[in-house]
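Read in order, the letters of the sequence shown are residues 6 to 268 in the numbering used here. One structure is given here, and the rest of the page talks about it.
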Amino acid sequence: MENENITYTFEKDISIPKMIFIIPYRDRKNHLDYFQRHMKTILEDFPNEDYAIYYLHQCDRRNFNRGAMKNIGFLYVKETYPNDYKNITLIFNDVDIMPKKKNIINYETSNKNIKHFYGYNYTLGGIVSIKGNDFELLNGFPNYWSWGYEDNALQQRAKTKNINIDRNQFYRIYDDNIIHLNETTIRTVNKGEYKKYVDKVNDGINSITNLKYEYDIETNFINVFEFNTPHLPNTSLNKEYDLKNGNTPFKIRVNPRMKMAIN
C-alpha cells in the first residue's frame with residue numbers, strides 16, 4: 006500500500022527476520038522494563054537474526070490507540086522489508102503479557118492461519134501470530150481511540166475472510182503458564198468508539214494518514230509523533246469502566262424501527 010501522507014524515518018537492517026514482535030506502548034515503564042528483561046530469556050534460544058522486537062510508542066496525549074499502533078508497526082515492517090513482509094510472522098503482544106518459561110510457545114505460523122496463544126476465545130488479543138500477507142488482507146485492526154474491541158473486530162474480520170483461528174496451543178486468561186502483569190481492571194472506554202465497533206466501521210491500515218515517526222535503533226522504539234484516522238476521538242464520551250463488570254461497557258438498545266442506540 007502506498008500512502009503519500011506517510012513520512013518514514015528509520016534505519017534498514019540487511020537481515021530478514023522470520024518473526025517480528027509488535028508491542029503497542031505508552032506510559033507503562035515498569036511493565037516495559039520487566040518485559041524486556043524477561044523476553045531476553047524467553048528468546049535466548051533463537052538466533053538473533055531470526056526475530057526483531059518493535060515497541061510502537063504513541064507520543065501524543067490523545068486517547069491511546071492500540072489498533073493504530075499495531076497497524077503502524079505493520080506499516081514499518083512493510084516499508085523496511087518490502088519484498089519479504091508478506092512472509093514474515095507478525096506477533097502482536099501486549100507489553101504486560103509474556104510466557105513464563107521459554108519454548109512453551111511456537112510463535113511461527115503459516116498463511117491463512119492465525120495463532121492465538123493467550124486471552125479469551127472471543128477476541129484476538131494477548132499474544133497473536135499472523136503472516137504479514139494475512140494481516141494486510143484483513144486491513145489490520147480498526148483504529149479505535151481508548152480501550153477495547155479492536156481485537157474482537159480482528160477476529161470478526163478473520164472469520165469473514167475464512168482465515169483459520171488456531172487455538173491448539175492456547176492459554177486462557179490468567180493461566181499459570183503466562184505472566185500477566187496488569188495490576189488494574191479499570192479502563193478508559195469511549196461510547197463513540199464502541200459504536201464504531203458495533204457498526205463495523207471499516208477502517209484500518211489503509212485509513213491512517215499524516216503519519217510521522219522515528220525509529221530508534223538503540224531501543225527498538227518506533228516513536229509515533231503524529232497520525233490521523235478518519236474519526237477523531239471525542240473525549241467527552243470517555244468514561245472509566247471496571248472490566249470485572251463484564252466485557253460490554255455500554256448497553257445496546259434496539260428500537261422498534263430497528264435502529265440501535267448505545268447507552
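Heads up, the beta-carbon is just placed ideally off N, CA and C, and yes, glycines get one too.
Along the region 17–59, the alpha helix (DSSP H) occurs as fully enclosed runs of 4 or more residues at 34–47, listed in sequence order. Cβ-Cβ distances below 7 Å link K166 to L142, L143 in the same chain, with the five nearest sequence neighbours on each side left out; the list follows chain order.
Annotated as distal: L95 and G124, with beta-carbon spacing of 7 Å or more.
Around the C-beta of D156, 16 or more other C-beta atoms lie within 10 Å, and the residue is accordingly described as buried.
Of the other Cβ atoms in all chains shown, 16 or more fall within 10 Å of the Cβ of N195; this residue is therefore buried. Non-local C-beta neighbours of F40 in its own chain, meaning closer than 7 Å and more than five positions away in sequence, comprise V100, M103, ordered along the chain. I119 is a Cβ neighbour of I170, given a cutoff of 7 Å. Its Cα nearest to that of G72, the residue S151 stands out among D180, K91, S151, N239. Shortest Cα-Cα distance from D181 to any of K106, F232, I21, Q63 involves K106.
In the displayed model, T128 falls within coil according to three-state DSSP, outside both helix and strand. Closest in alpha carbon position to G153, among I135, T253, T189, is T253. Counted as a single uninterrupted DSSP element, the stretch harbouring L242 is not any alpha helix (DSSP H), since DSSP gives it neither H nor E. Residue burial annotation: Y30 is buried, with at least 16 other C-beta atoms found within 10 angstroms of its C-beta. For Y176, the secondary structure class from DSSP, reduced to helix, strand or coil, is strand.
CA-CA distance, K23 to I222, rounds to 19 Å.
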